[in-house]
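*Asks:* Letter by letter, the sequence shown follows residues 1 to 720 of this note's numbering.
Glycine included, every Cβ here is placed at the ideal spot set by N, Cα and C.
Everything numeric in this text was worked out from a predicted model, so none of it was measured.
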Amino acid sequence: MSVVDDIKAQLDIVAYIQQYTPLKKAGRNYKAPCPFHGERTPSFYVNPDNQSWRCFGACSEGGDIFSFAMKRHGWTFTEALEELGKQAGIEVKPRSPVQAAQDEKLDKLRGLLQTAAESYHACLIEGTAEGSADVLNYAREKRGLTDETIIAFGVGYAPPGWSNMRDHLAALGYSDDDIIEAGMATRSDNGRVYDRFRNRLIIPIRDGRGRVIAFGARALAPDDEPKYLNSPQTPIFDKSSTLFALDVARKAIRDTASVVIVEGYMDAIQAHQAGYTNVVAQMGTAMTEQQLKLIAPLLANSERGSGRIIMALDADAAGQNATRRSLEVARQSLEADFAGRLSADIRILQIPGAKDPDDFLRESPEGWQALVDNAQPVADYVIDAEMAALPANPSVHEREALARRLLPMLVASENDLYRKDNIQRLALRLHIAERDLLSWAEEQRRINTAKAPRPYNRPPERPNSGAQRPTWSSPPVMDEPPEFAPTNYDDLIPPLDYDEDGGNSFYDLPVRGAVRNGRWGTQKSTPEEYCLRVLFEQPKLMYAINRQFRELAADYPALMSGPLCDVDVSDFSRSDYCALLQAFQDAIEQDEYEPLDFLRANLDSTLLAILDEIMVDDLQDVRSRLRYRMNGEVADYWKTHHKSAIAVVDRSAEFVDRMLDLRLKRIRRELQEITFLAQEAQASGDSEAAKRYLILAEQSIHAKTLVEREQKRRREGSRP
Numbered sequence: 001m002s003v004v005d006d007i008k009a010q011l012d013i014v015a016y017i018q019q020y021t022p023l024k025k026a027g028r029n030y031k032a033p034c035p036f037h038g039e040r041t042p043s044f045y046v047n048p049d050n051q052s053w054r055c056f057g058a059c060s061e062g063g064d065i066f067s068f069a070m071k072r073h074g075w076t077f078t079e080a081l082e083e084l085g086k087q088a089g090i091e092v093k094p095r096s097p098v099q100a101a102q103d104e105k106l107d108k109l110r111g112l113l114q115t116a117a118e119s120y121h122a123c124l125i126e127g128t129a130e131g132s133a134d135v136l137n138y139a140r141e142k143r144g145l146t147d148e149t150i151i152a153f154g155v156g157y158a159p160p161g162w163s164n165m166r167d168h169l170a171a172l173g174y175s176d177d178d179i180i181e182a183g184m185a186t187r188s189d190n191g192r193v194y195d196r197f198r199n200r201l202i203i204p205i206r207d208g209r210g211r212v213i214a215f216g217a218r219a220l221a222p223d224d225e226p227k228y229l230n231s232p233q234t235p236i237f238d239k240s241s242t243l244f245a246l247d248v249a250r251k252a253i254r255d256t257a258s259v260v261i262v263e264g265y266m267d268a269i270q271a272h273q274a275g276y277t278n279v280v281a282q283m284g285t286a287m288t289e290q291q292l293k294l295i296a297p298l299l300a301n302s303e304r305g306s307g308r309i310i311m312a313l314d315a316d317a318a319g320q321n322a323t324r325r326s327l328e329v330a331r332q333s334l335e336a337d338f339a340g341r342l343s344a345d346i347r348i349l350q351i352p353g354a355k356d357p358d359d360f361l362r363e364s365p366e367g368w369q370a371l372v373d374n375a376q377p378v379a380d381y382v383i384d385a386e387m388a389a390l391p392a393n394p395s396v397h398e399r400e401a402l403a404r405r406l407l408p409m410l411v412a413s414e415n416d417l418y419r420k421d422n423i424q425r426l427a428l429r430l431h432i433a434e435r436d437l438l439s440w441a442e443e444q445r446r447i448n449t450a451k452a453p454r455p456y457n458r459p460p461e462r463p464n465s466g467a468q469r470p471t472w473s474s475p476p477v478m479d480e481p482p483e484f485a486p487t488n489y490d491d492l493i494p495p496l497d498y499d500e501d502g503g504n505s506f507y508d509l510p511v512r513g514a515v516r517n518g519r520w521g522t523q524k525s526t527p528e529e530y531c532l533r534v535l536f537e538q539p540k541l542m543y544a545i546n547r548q549f550r551e552l553a554a555d556y557p558a559l560m561s562g563p564l565c566d567v568d569v570s571d572f573s574r575s576d577y578c579a580l581l582q583a584f585q586d587a588i589e590q591d592e593y594e595p596l597d598f599l600r601a602n603l604d605s606t607l608l609a610i611l612d613e614i615m616v617d618d619l620q621d622v623r624s625r626l627r628y629r630m631n632g633e634v635a636d637y638w639k640t641h642h643k644s645a646i647a648v649v650d651r652s653a654e655f656v657d658r659m660l661d662l663r664l665k666r667i668r669r670e671l672q673e674i675t676f677l678a679q680e681a682q683a684s685g686d687s688e689a690a691k692r693y694l695i696l697a698e699q700s701i702h703a704k705t706l707v708e709r710e711q712k713r714r715r716e717g718s719r720p
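(1) Report the rounded CA-to-CA distance for Gln-10 versus Gly-562, giving the unit in angstroms.
(2) Kindly give me the distance between the Cβ atoms of Tyr-138 and Ser-163, rounded to whole angstroms, as I take these residues to be in contact under 8 Å.
(3) Helix or strand or just coil, what does DSSP make of Ser-258?
(4) Taking the beta strand (DSSP E) that Val-193 belongs to, which residues open and close that run?
(5) Taking Arg-206 as the reference, which of Met-283, Asp-224, Thr-526, Asp-147 has the closest Cα?
(6) Is there contact here, the segment 371 to 390 with the segment 345 to 357, by at least three beta-carbon pairs under 8 Å?
(7) Do you know how far the Cα of Gly-156 is from the Cα of Ile-150?
(8) Measure the C-alpha to C-alpha separation of Leu-580 and Leu-607 and round it to an integer number of angstroms.
(9) Assuming Ser-652 contacts Leu-541 (C-beta within less than 8 Å), just tell me the rounded distance between them.
(10) Would you call the segment 363 to 373 in contact with the segment 381 to 398, where contact means no fewer than 3 C-beta pairs closer than 8 Å?
(11) Taking buried to mean at least 16 other C-beta atoms within 10 Å of its own C-beta, is Tyr-265 buried or exposed?
(12) Could you tell me if Ile-447 is buried or exposed, where buried requires 16 or more neighbouring beta carbons within 10 angstroms of its beta carbon?
(13) If you check the beta carbons only, do Phe-56 and Ser-67 fall under 8 Å apart?
(14) With DSSP run on the structure shown, which of helix, strand or coil describes Ala-58?
(15) Express the C-alpha separation of Asp-597 and Gly-367 in angstroms, rounding to a whole number.
(16) Check the C-beta distance from Gly-183 over to Ser-231 and give it rounded, since I have them as a contact under 8 Å.
(17) Measuring CA to CA, which of Tyr-530, Ile-614, Tyr-556 is closest to Arg-658?
(18) Use the C-beta contact count for His-121: other C-beta atoms within 10 angstroms, 16 or more gives buried, fewer gives exposed.
(19) Just the Cα atoms here: how many angstroms apart are Leu-246 and Arg-254?
(20) State the Cα-Cα distance for the pair Tyr-30 and Val-98, rounded to the nearest angstrom.
(21) Would Cys-578 and Val-569 qualify as a contact pair, given that the criterion is a beta-carbon distance under 8 Å?
(22) What are the partner residues of Asp-723, as DSSP defines its beta bridges?
(23) His-431: buried (16+ other C-beta within 10 angstroms of its C-beta) or exposed?
(24) How long is the line joining the alpha carbons of Gly-38 and Arg-54, rounded to whole angstroms?
(25) In terms of residue numbering, what span does the beta strand (DSSP E) encompassing Asn-546 cover?
(26) For the putative contact between Ala-268 and Ala-281, defined by C-beta atoms under 8 Å, what is the C-beta separation to the nearest angstrom?
(27) Excluding the five sequence neighbours on either side, which residues of its own chain have a C-beta within less than 6 Å of the C-beta of Leu-81, listed in chain order?
(28) Considering only residues of the same chain and omitting the five flanking positions on each side of Ile-7, which have a CB-CB separation below 6 Å?
(29) Taking only the alpha-carbon atoms, compute the straight-line gap between Val-411 and Trp-75 and give it to the nearest angstrom.
(30) Check this for me: beta carbons of Ala-32 and Thr-21, under 8 Å apart or not?
(31) Are Leu-407 and Glu-386 closer than 8 Å when you measure CB to CB?
Right under this line is the structure:
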């Protein structure tokens, strides 16, 4: 079995979901109101037999324990794999001795910081240090924090003294080098080690998975400088790659398809305390590309379409400058398309009275949502800011110069509606024809394209031997690739009659190209593996199979949005294959790289290893056909000619046949599930639910008939 299957075998989906949603036994299933949308009548069902869940209400989603964990926590596929692996006691990423030692070191630093966070928090809450009561009163009265917020964010207190924390950690066995490396202490020129944080209110800073990686500290004495002090850069903390409160905000960001970015952690804490949980703080003076990468997948994968980024930085001059720099970073990042075409609607939130978010939220928390809803479009903001510096009656040259400065920002998004709207705004404000603005924008684009080399020219070289199996720890192709994972699973559980060639994992597959029955050949692919490989090689076939489904459902619109919808992750039973398909769908939405090149450049090592297993068949097939050549020659030949060779082979007919088989299996297993639910609803007297399920069952039966009829037609048409 694969690691994914091992984890599923160890964790019970009913017990896991029960941690977050009370489930009630309903026949052989469990049911509850859907945790992902508001409802009164339960439409959320969990099947313990096939370890799956499904919402038959507004969500119309479902899947396995992985998809539930991802949707519940806002995790990527890789994060879900790692977190669920820990719960199952299964090592997800086999590590080399060097990697294992590095992991052990980082875990030790995280443990040290977690211990420090608990100590600071206890010092504040339990009053274990002199002055604790006064500091707790300061947090409540001056900072406006409730006890619930203090506990939720682990707010603490570092009392005065040069070595309180150092002595505490040393007593637990940590060395001075460990304490210094974690950013908790400093060594002076004379070798003395002293605490970094003294007489300060302590705010733990966590990574996206909720692990303490640093601290922010607010001075308590009026004369202490700086007023705010953060941990230094450490092996586990990089300020430019961290967003404060992302661990508790990511689900709300994904659910609302929006994120509000504030400047400081007190701003973010106040927002969360007021119930606005899609707020994060940028940990510095301006947004960085690394920080934008953290939120881009949450917005890009949203079901609500284009995401919205709302910048609510401080109203002072420094905050406004930070806003402008953040907008420039956003523009460059959008042009780079690092997250597969992030259609972001960027807006600027300006607080009346030049107040900071922290101050406004403490005084008028109920007014925050109105400010968010009425945040100014970025076009209006930058136009207003730049035009304020123009003279009363600007000349044509001054207006043109301003337009040329603003155009790169205003056309950064690939969304045509945003671009058109921004151009219209600029044209009206500057009294310049839209066609002239579009011409200047295209001129600047050509200049930039000519100046800058393409960031990625060809896929990286991969091992050319099937005997070299990739591992979970394979290095990523590019530094800090964006996260890709499936966002919406339906049913990932294969039907009873489905066989994936013995269920081998990518670790267990035999070496391809081995002698078999006296001749060379490749191991037979599973239907899912074959379809993915062909899609990756010939992306246009995605449109062909979707057109096939639409033609089948042409006279029945309800089927087009149901059992005969476009290809999606529900057609595949393996969670890792679902992740690859979702990444592929992102890849075909961008037009800068070939989809397969895009996948290799952007997948993390976990999914890249699986991609290599899927794609290695073609090289091995060429190797077997050209067996008299040297291996090196075959590899070179393949690198040079593989795209043209693939183009010559027409796999469209077989691909459509296999996808029809996969869709038929999906329809059958969904029909089976719906039938059971209808029977249980009838038995319990829930006539409304029974009627809804019977309608879904009729649609599935109709779709099944149409697919089987098409399969018969294709078989008869292929006979000589």
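*Replies:* In terms of the structure at hand:
(1) 32 Å
(2) Not a contact, Cβ separation roughly 24 Å.
(3) strand
(4) 193 to 195
(5) Met-283
(6) yes
(7) 8 Å
(8) 7 Å
(9) 6 Å
(10) no
(11) buried
(12) exposed
(13) no
(14) coil
(15) 47 Å
(16) 4 Å
(17) Tyr-530
(18) buried
(19) 11 Å
(20) 46 Å
(21) yes
(22) The chain is shown only over 1 to 720; residue 723 falls outside these bounds and no answer can be derived.
(23) exposed
(24) 15 Å
(25) From DSSP, Asn-546 is part of no beta strand (DSSP E) but of the alpha helix (DSSP H) over 540 to 552.
(26) 4 Å
(27) Val-92
(28) Leu-84, Gly-85, Ala-88, Ile-90
(29) 31 Å
(30) yes
(31) no
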